[in-house]
């Protein structure tokens, strides 16, 4: 029997750009590849659970902002069920990662600090 797990936490849109060498500050660089992925600690745990053939529920704020589309598609592709508890006007945080061939990375993110919400709604509490 597969494990059923619920994960609660922040969800982000991760923009991952792979480069062959570290970009110089103040200069334009060309990435070797770019990937859009759902991110955030709870989100990554939910994807891992689904990959291990578990039943994974992600409870968090995704919303309907333009950044949410690629996140919803990525989670669906990985078999993660989403309980969206975003309040109206929620803007999904975006994290941009520049990744070098050896895995060294630099991340710039809007993060969740300084945001006002989301708060756990009655529907989200019921899903727990």
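Residue numbers (my numbering): 210 to 337. By construction, the Cβ of each residue, glycine as well, lies at the ideal position given by its N, Cα and C atoms.
1) With 16 other CB atoms within 10 Å as the buried threshold, where does residue 221 fall?
2) Which residues mark the beginning and the end of the beta strand (DSSP E) in which residue 214 is found?
3) If contacts are defined as beta-carbon pairs under 8 Å, then residue 299 and residue 272 qualify, I think. What distance do you get, rounded to the angstrom?
4) Quick one: what does DSSP say residue 265 is sitting in, helix, strand or coil?
5) Using 8 Å as the threshold, is the stretch 302-313 in touch with the stretch 277-287, meaning 3 or more CB pairs across them?
6) Here's the rule: buried if 16 or more other CB atoms are within 10 angstroms of the residue's CB, otherwise exposed. What is residue 269?
7) Within 10 angstroms of the Cβ of residue 252, are there 16 or more other Cβ atoms? Answer buried if so, exposed if not.
8) How many angstroms separate the CA atom of residue 295 from the CA atom of residue 336?
The answer reads as follows:
1) buried
2) 213-217
3) 4 Å
4) strand
5) no
6) buried
7) buried
8) 14 Å
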